[in-house]
Each structure stands twice: as C-alpha cells, then as structure tokens.
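Visitor: Got a structure for you, written out below as structure tokens; questions coming shortly.
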Amino acid sequence: MFFLLLTGLIISIVVGTTLMLNGNILFGVVSIGIGTIILLIIVFYYGKKKNRKKKFDCMPDCDCGPDLDCDCGPDCN
0 MFFLLLTGLI ISIVVGTTLM LNGNILFGVV SIGIGTIILL IIVFYYGKKK
50 NRKKKFDCMP DCDCGPDLDC DCGPDCN
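Numbering follows numbering that gives the first Met the number 0, in which position 15 of the sequence shown is assigned residue number 14; successive positions increment by one, without gaps.
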C-alpha cells in the first residue's frame, strides 16, 4: 500500500507541474493538491503505525516470581 501511495504521489506532482508549465493552471493546482493530500496520508498513517509497533514490543521475561515463569522467553501478553 505504501508503494502504491508513493507512486500516486509522484505521478500527481509530475502531472501537476507539467500542466502548470503548459498553461493549464487550474488542473495543475488540483493535481498538486491531490499529491499534497496523498503525502499527508502517508506521513500520518505510517507515523501512527510506527508508534503502534513500538507499543507492543515483546521483552524477555527472566524473573522467577510467583507465576514461576523462568524460561526467559518473550512475554507478549
């Protein structure tokens, strides 16, 4: 999904720039606006996804407490 959005972003900006250079300002600005929206979607969505990955990181559990979990394996509950 990331590469699809990135491809759409690049195409949108190139088409917008080409249209603006050829004198079709309205469609060029609309195309660059769409590219900007796609960029914001990429930054915000994948920024939140990166933080979620850190939140559920599994750490080894090497304490032999009351639950007798002495295997030093990851505790992902």
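No residue lacks a Cβ here, since even glycine has one placed at the ideal position from N, Cα and C.
Predicted model, so just to flag it, every value in this text is computed and none were measured.
(1) Determine the DSSP secondary structure at glycine 22, reduced to helix, strand or coil.
(2) If I measure Cβ to Cβ from glycine 46 and keep anything under 8 angstroms in the same chain, skipping five residues before and after, which residues do I get?
(3) Tell me the rounded alpha-carbon separation between threonine 6 and isoleucine 37.
(4) Report yes if the C-beta distance between serine 11 and isoleucine 33 is below 8 angstroms; otherwise report no.
(5) To the nearest angstrom, report how far apart threonine 35 and phenylalanine 1 are at their CA atoms.
Guide: According to the structure shown:
(1) Glycine 22 falls in the coil class under three-state DSSP.
(2) none
(3) 10 angstroms
(4) yes
(5) CA-CA distance, threonine 35 to phenylalanine 1, rounds to 15 angstroms.
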